[in-house]
Amino acid sequence: MFFGNPDTVNIPPFETEDLRINLARYLDSPVVDPLTGQTVKVGNYKWGVYAFFDYDGEPIYVGQTNEMLRTRIRRHLTNQRTDAVAMSVLDPFEVLEVQVWPLPEYQNTPSRDAAARHHLNTLERTVTAMAVAQSQFKAILNEKDPPPGFEVAYIPQSFRDRVVSERVYDLRSHPDFRVARRALIISRLAQVISERKVQGGLRRVLLVQAKRLQWLAQRRYDGLGGAASVETEGDDDA
Numbered sequence: 008m009f010f011g012n013p014d015t016v017n018i019p020p021f022e023t024e025d026l027r028i029n030l031a032r033y034l035d036s037p038v039v040d041p042l043t044g045q046t047v048k049v050g051n052y053k054w055g056v057y058a059f060f061d062y063d064g065e066p067i068y069v070g071q072t073n074e075m076l077r078t079r080i081r082r083h084l085t086n087q088r089t090d091a092v093a094m095s096v097l098d099p100f101e102v103l104e105v106q107v108w109p110l111p112e113y114q115n116t117p118s119r120d121a122a123a124r125h126h127l128n129t130l131e132r133t134v135t136a137m138a139v140a141q142s143q144f145k146a147i148l149n150e151k152d153p154p155p156g157f158e159v160a161y162i163p164q165s166f167r168d169r170v171v172s173e174r175v176y177d178l179r180s181h182p183d184f185r186v187a188r189r190a191l192i193i194s195r196l197a198q199v200i201s202e203r204k205v206q207g208g209l210r211r212v213l214l215v216q217a218k219r220l221q222w223l224a225q226r227r228y229d230g231l232g233g234a235a236s237v238e239t240e241g242d243d244d245a
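This is the structure we're talking about:
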């Protein structure tokens, strides 16, 4: 705990540093490569698909990479911003867990290889369909649909874990914090939409986010008593 002059602090805020530490722990997790039998770090796979999950276990975003899972996921969740974060499509504060589906057979394959890219696109479409089917809202927050795939890809071994500590979980999982954060992100996204000509994908994200906010707010209202918790005028009159 720091008790000195806060203006002299040269470290990131607690939650920022916590995410970096726990994300690095996840990406450095040792796994046995199914092709070589050797132990490798999960974030070091070059080709693969990833998904983010919120504090209810809801899938919220699916993506792909052929530059390295570590690089792409860190770009989303740390200060190396992506379009999804900059446009308020994806809120890093809402990500509790990350799951990745590496494609180890392409570890040494150039990023422009057509067959590998086709396989990657098909896997992303397959994982996206799985995420949508698992979602309470039958939708996720991707602005664009995945690239075309002509068949269902086989599902490779995946790795899923939390990327926040218990302390951050206690802070961010509070329902009032989550409702406030949803409302803030919706406001930012609506502002983006109002200031530029956008495609239908961003408006779809706004609609899904609004449904998610209503769901969270309804759960909180019902959990605290619903209609029975609402005061009647005059109840507090002396």
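Take 8 as the starting number for the sequence shown in my numbering and just add one per residue.
Using N, Cα and C, we set each Cβ at its ideal position, and we do this for glycine too.
Remember, it's a predicted structure, so these values are computed and weren't measured experimentally.
Coil, strand or helix - residue i by DSSP
{"i": "W108", "result": "strand"}
{"i": "Y52", "result": "coil"}
{"i": "I193", "result": "helix"}
{"i": "I28", "result": "helix"}
{"i": "P37", "result": "strand"}
{"i": "D63", "result": "coil"}
{"i": "R81", "result": "helix"}
{"i": "A146", "result": "coil"}
Residue from the options with nearest C-alpha to residue i
{"i": "D40", "options": "Y33, A31 and Y52", "result": "Y52"}
{"i": "E74", "options": "Y62, R124, L84 and S142", "result": "R124"}
{"i": "L191", "options": "K151, E101, W54 and T78", "result": "E101"}
{"i": "V96", "options": "H126, R226 and I193", "result": "I193"}
{"i": "Q216", "options": "L231, A187 and S236", "result": "A187"}
{"i": "E24", "options": "V49, L76, L84 and T43", "result": "L84"}
{"i": "E158", "options": "R132, F166 and Q141", "result": "R132"}
{"i": "R119", "options": "E238, Y33, T72 and S36", "result": "T72"}
{"i": "R179", "options": "P37, S165, L103 and P111", "result": "L103"}
{"i": "L110", "options": "L30, A197, Y161 and P66", "result": "Y161"}
{"i": "A140", "options": "A121, D177 and P66", "result": "P66"}
{"i": "V38", "options": "Q164, A31, A122 and G232", "result": "Q164"}
{"i": "L34", "options": "W54, G70, V105 and P20", "result": "V105"}
{"i": "G207", "options": "W108, L148 and F184", "result": "L148"}
{"i": "W108", "options": "G230, H126 and R189", "result": "H126"}
Distance CB(residue i)-CB(residue j) smaller than 8 angstroms
{"i": "P154", "j": "N128", "result": "yes"}
{"i": "L130", "j": "V47", "result": "no"}
{"i": "P182", "j": "R226", "result": "yes"}
{"i": "A91", "j": "Y68", "result": "yes"}
{"i": "L76", "j": "G50", "result": "yes"}
{"i": "L30", "j": "R81", "result": "yes"}
{"i": "L223", "j": "R185", "result": "yes"}
Using 8 angstroms as the Cβ pair cut-off and three pairs as the minimum, do the stretch 166-182 and the stretch 209-222 touch? no
Any 3 or more C-beta pairs closer than 8 angstroms across the stretch 57-68 and the stretch 194-206: no
Identify every run of the alpha helix (DSSP H) within the stretch 180-234, keeping only runs that are complete inside it and at least 4 residues long; order them along the chain. 182-202 and 207-230
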